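In my numbering, the protein residues as written are 4 to 149.
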């Protein structure tokens, strides 16, 4: 998967693409689930696409080990990837177990603390949760060990 920050995940465009576009690109999802605030999730083997109440693409969560590239950064699902992403971002934040990389339009979890059960990367449009940002603190990249 190729993520272009705040623009797209492959050919699915933030604020533009619809569930039908997702199905045309990826086929029938394993299942579809309604969640809070009128959002709908389309679950696939390697990712979850979320659409808002107006049925436009809102965000995508990459599930563990999904091959991906964010801008020019290859997602390797390890500390080397996290270090490269933090360096590219320039001002990583930490909140509620997530590393927020605003310039890359992603949140990362499970890599920085070795929590395999939480391993995921989410790409989002420019409307990241205000609550997540309200509680965010600078992330100390010196804690990323080799």
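No residue lacks a Cβ here, since even glycine has one placed at the ideal position from N, Cα and C.
Quick caveat: nothing in here was measured; it's all calculated off a predicted structure.
Asked, Found
"C-beta atoms of residue 45 and residue 22 nearer than 8 angstroms", "yes"
"Segments assigned beta strand (DSSP E), at least 3 residues, entirely inside the segment 58-95", "60-65, 71-73 and 76-78"
"Residue 35: first and last residue of the uninterrupted beta strand (DSSP E) it sits in", "34-37"
"At least 3 beta-carbon pairs within less than 8 angstroms: the segment 58-66 vs the segment 112-131", "yes"
"Residue 87 beta carbon less than 8 angstroms from that of residue 76", "yes"
"DSSP three-state assignment for residue 104, whether helix, strand or coil", "strand"
"Straight-line Cα distance separating residue 141 from residue 94", "7 angstroms"
"Exposed unless 16 or more other CB atoms sit within 10 angstroms - verdict on residue 20", "buried"
"Residue span of the alpha helix (DSSP H) that contains residue 28, given as start and end", "22-29"
"Rounded separation between residue 2 and residue 55 - CA only", "Residue 2 falls outside the range modelled here, since the chain spans only 4 to 149, and no answer is possible."
"Test item: CB-CB of residue 99 and residue 135 under 8 angstroms", "yes"
"Exposed unless 16 or more other CB atoms sit within 10 angstroms - verdict on residue 37", "exposed"
"Nearest neighbour of residue 130, chosen from 60, 113, 116 and 145 [CA to CA]", "60"
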